[in-house]
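In terms of our numbering, the sequence shown opens at residue 801 and continues consecutively.
Just so you know, even glycine gets a beta-carbon here, dropped at the ideal spot from N, CA and C.
Just so we're clear, the structure is a prediction, and the values are computed from it rather than from any experiment.
First the structure, in the form of structure tokens, and then the observations on it.
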Amino acid sequence: MLIPFLSFFGKKDAPKYFLVLLLRHEKVQAVLLEEHNGTISVKAKEEVSFANSIEHVSDGEFLAHLDEAISKAESILSVNIPTHKTVFGVKPDWSEETRIKKQHLLRLKKACDALGLSPVGFLVIPEAIVHRMKQEEGIPISTILIEVGKKTMFISLVKAGRVLETKSVPIEGSCPSAADELLKQFENAEIFPSRITLFNDDRNEDTLLQEFIGHTWSTRLPFLHVPQITSLPKNFGVEAVVSASATQMGFEVLESAQEEVTQPTPIPSENNSSPKQFGFIQETDVALTQTDGQDDSEEQITAPSPPPPKKTSLFKKTLLVAKNLYTQGLTMVHGKKFPTILHVSFNFPSGIIRHPKLIIALAIPLVVLCAGAWLYLYGLKATATVTIAPEIIKQTEDITFSSTADSNPSSRIVRSSIISVSQQGSSSTQTTGKKEIGEKAKGTVTIFGRFSEEKTLPKGTLLVSSNNLEFTLDGDARLASTSADASTEPSTAKASITARAIGKEANLPSNEKFSVGDFDTSIVVGKNDSAFSGGSKKEIRVVSEKDIQKLTDGLPKQLEQKAREDAAKKVSDGETVLPTFVKHVLVEKKFNKKTGEESDVLNLQATVEYTGISYQKNQLQDIALALLQNQIPTNLSIVTEGMKKEIQKVSIKNADEIAATISFTIPLLPKIDAKELAKKLAGREITDAEDILLGLPAASDAKIKITPRLPVFGNKLPIRFENITIQSQIAND
801 MLIPFLSFFG KKDAPKYFLV LLLRHEKVQA VLLEEHNGTI SVKAKEEVSF
851 ANSIEHVSDG EFLAHLDEAI SKAESILSVN IPTHKTVFGV KPDWSEETRI
901 KKQHLLRLKK ACDALGLSPV GFLVIPEAIV HRMKQEEGIP ISTILIEVGK
951 KTMFISLVKA GRVLETKSVP IEGSCPSAAD ELLKQFENAE IFPSRITLFN
1001 DDRNEDTLLQ EFIGHTWSTR LPFLHVPQIT SLPKNFGVEA VVSASATQMG
1051 FEVLESAQEE VTQPTPIPSE NNSSPKQFGF IQETDVALTQ TDGQDDSEEQ
1101 ITAPSPPPPK KTSLFKKTLL VAKNLYTQGL TMVHGKKFPT ILHVSFNFPS
1151 GIIRHPKLII ALAIPLVVLC AGAWLYLYGL KATATVTIAP EIIKQTEDIT
1201 FSSTADSNPS SRIVRSSIIS VSQQGSSSTQ TTGKKEIGEK AKGTVTIFGR
1251 FSEEKTLPKG TLLVSSNNLE FTLDGDARLA STSADASTEP STAKASITAR
1301 AIGKEANLPS NEKFSVGDFD TSIVVGKNDS AFSGGSKKEI RVVSEKDIQK
1351 LTDGLPKQLE QKAREDAAKK VSDGETVLPT FVKHVLVEKK FNKKTGEESD
1401 VLNLQATVEY TGISYQKNQL QDIALALLQN QIPTNLSIVT EGMKKEIQKV
1451 SIKNADEIAA TISFTIPLLP KIDAKELAKK LAGREITDAE DILLGLPAAS
1501 DAKIKITPRL PVFGNKLPIR FENITIQSQI AND
């Protein structure tokens, strides 16, 4: 926290400053707001992460983290500018109805007392985000709001602009899988909104978005259809709480006109309810106030006591000393004069000892001068960061990963180990095969024959109708012999016949004529006295070979990401796993239907065994350096941190060796003599020093940060080059 100057420095007209503190699960974020002419603008944003979570830190650690975040945010201000008014953004489980829960309220009050904060109100962070989204979209939203932290995920169910329920879960494995499991715990939700909104400050936004887009959601979740995945910009939560805080304090956010902003829960005025509802009561201990349900006779009355003084760190006390030095008009001495001043000796007249006040009056300026000199020589630090556009080299090499041979960069051999992991899973798809099923038509015919001797027509004899429909005899038919005379009546036989093909087309009407076998119709003919019936046909969906193959190919891809994560857990420190598996095999495959069987959906349950390769992380880097050692100009150096590797192809050579084609992208930066450059920058103005940095080869940007920033030192860099740190970074594409 910044310490206000003593009153004798005088007051100056200046903007007012306020704080917004966002108490997240894994970190605290401090936002410094400046108010000028009724307009609020953000001056600084800083954050400090907890080692585990806000729930698992002691009160001392909690206070230290708040103090650090606030101090960083306030570092841009002069030390005599106070910031007291504070709005808190809290987690959903810290509040109930319109109050902060008692255990958290006591903790916040202790922090406010220790840090000299004056609470204005609080906001529940997801509610502020939802209202900010409503402002931007113009309507109350319905969505599943997912906040993804480094280790923990929070999911809020939002309908019609209201946060109905919030749950959390530790992130183990992939973020979409964790979200899938957590959503199953929302048992009271009959239907989920068909929209998922990601809120994330700590992970790559595009990578996280693609993970969720590619995730197959559990069929147990009550989505009407596949949800739309969207992502909020980074710091959206901070902006939402800041906007709401500004409105609560009656100001307008600079360059962001807001029609409607979520109102922080204020400290109630005396016209409505007691300030105790929020819990911050000026100059009164919360622990001594009456709790709900207490008898009035037991109320403890305590006299107000002044708030404890702000804690002042040793560093900030030094700042006050330096300010005193400046206001008293003392001149700083540069270079080698400091040792002389620091070691000068004084001989006081013997009579002066009897006047201790005079001794103090003489000693104070000397102490202040020495402290200021020490601070300027040894306390003033600077970091100069120059951004350089790198020269890029791309090279593709065939690398052999061997489980028997030792690593040899010149021979492009990497010592590796085979690693195997198994994943159980299931997948389903709609069937695409088609098949016709039905019944064959049946009926009875009378066969007329003119044979000179008895004739038996065997079972299966073919009969063809006049419209070329084929039928067969269900049994033998015997015809007696007749005279060849045409006037003689033919012999007859009744026989049952069945259509060869399914379908209602064979349901023939009566009096149809049929040819019989290979006989001429003048010798033998069939005729039905009644209509045929029973023929039917319909088309059904069945399992096809294509459906089988689709699931067989798709399940390994579906489980591959989880397999990579499990494989990465198996390797030791310093090792990594090749991102592409060498092979995979499906074992214990179980389909719910076979090829050709009727079904609308085909399901597959199987175990997929993946085979991968693990190797030491630095081995590919060593190969790249060995390949390029004779190609790099002497004035350039490789930036190993910016080196990228892309696996283009992997194949099995034999039982002990794997071949891989790898593309290397290697950035080169000009060599910088940091010591000589620091000597050139020492004692210069920031603008002059930045010009020197921009004059370096391929430099595109330069920034210099001086700590501590004190008006007494102006914009000059430290006089000692040892206090200047030179950093170079690669320019973004």
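A straight-line Cα-Cα distance of about 6 Å links Ile1530 and Ala1189. In the DSSP annotation of this structure, the continuous segment of the beta strand (DSSP E) that includes Ser1291 starts and ends at 1291 to 1302.
Around the beta carbon of Ser1266, a 10 Å sphere encloses fewer than 16 other beta carbons of the protein chains shown; the residue is thus reported as exposed.
Counting of Cβ neighbours within 10 angstroms places Ser1210 among the exposed residues, the total staying below 16. Scanning Ala873, Glu965, Pro1467, Thr1407 for the CA closest to the CA of Glu897 turns up Glu965. Short of 7 Å from the beta carbon of Ser1451, and not among the five residues preceding or following it, lie these beta carbons of its own chain, in chain order: Ala1459. With a cutoff of 7 Å on beta-carbon distance, Ala1046 and Ile840 are scored as near each other.
In this chain, the beta strand (DSSP E) harbouring Leu1436 covers 1436 to 1438. When C-alpha distances from Thr1434 are compared across Pro1470, Ser1414, Ile1413, the shortest belongs to Pro1470.
A straight line joining the alpha-carbon of Ala1498 with that of Leu832 spans about 36 Å.
Excluding the 5 residues flanking it on each side, Thr1256 has same chain C-beta neighbours closer than 8 Å at Asp1276, Ala1277, Arg1278, Leu1279, in chain order.
Put simply, of Ile1472, His836, Lys872, His825 the residue whose alpha carbon is nearest the alpha carbon of Glu855 is His825.
For Val890, the enclosing beta strand (DSSP E) has its first and last residue at 885 to 890. Counting along the chain, Pro1470 sits inside the beta strand (DSSP E) bounded by residues 1457 to 1470. Residue pairing for Ala1277: DSSP places it in a beta bridge opposite Leu1257. In the three-state reduction of the DSSP assignment, Phe1332 falls in the coil class. Of the candidates Glu1365, Phe888, Lys1350, Pro926, the residue whose Cα lies closest to the Cα of Leu1404 is Lys1350. Excluding its 5 nearest sequence neighbours in each direction, Gln1421 has C-beta neighbours in its own chain below 8 Å: Thr1440, Met1443, listed in chain order. Nearest to Glu1360 by C-alpha distance, out of Val848, Ser853, Glu936, His1015, is His1015. Beta-carbon to beta-carbon, Val1214 and Phe1201 are separated by about 5 Å, close enough to satisfy the 8 Å threshold. Here Gln1419 is buried: its Cβ has 16 or more other Cβ atoms, across all protein chains shown, within 10 Å. Here Lys1234 really is in contact with Glu1339; their C-beta atoms are around 6 Å apart, less than 8 Å.
Check the Cα spacing between Lys885 and each of Phe922, Asp893, Lys872, Lys891: the tightest is with Phe922.
In the three-state DSSP reduction, Asn1208 falls in the strand class (E or B). When beta bridges are read from the DSSP output, Ile1029 appears opposite Ile996. Ser1227 sits away from Ser1217, with the two beta carbons spaced by 7 Å or more. By alpha-carbon distance to Ile996, the top candidate from Lys984, Gln1028, Lys959, Glu1039 is Gln1028. Bounds of the beta strand (DSSP E) holding Pro970 are 962 to 970. As computed with DSSP, Met953 is found in a beta bridge with Val948, Val969. Straight across, the Cα-Cα distance linking Phe1332 with Glu1236 is about 21 Å. Three or more beta-carbon pairs separated by less than 8 Å link the stretch 1316 to 1334 to the stretch 1246 to 1264, which places the two stretches in contact. Taking the Cα positions, Thr1232 is about 36 Å away from Gly1260. Secondary structure of Leu1269 (DSSP, three-state): coil. Rounded to the nearest angstrom, the gap between the Cα atoms of Asn1392 and Asn1268 is 41 Å. Nearest C-alpha to Asn1532 among Asp1001, Pro1508, Pro1518, Asp1501: Asp1501. Among the bridge pairs identified by DSSP, Glu1446 is matched with Ser1463.
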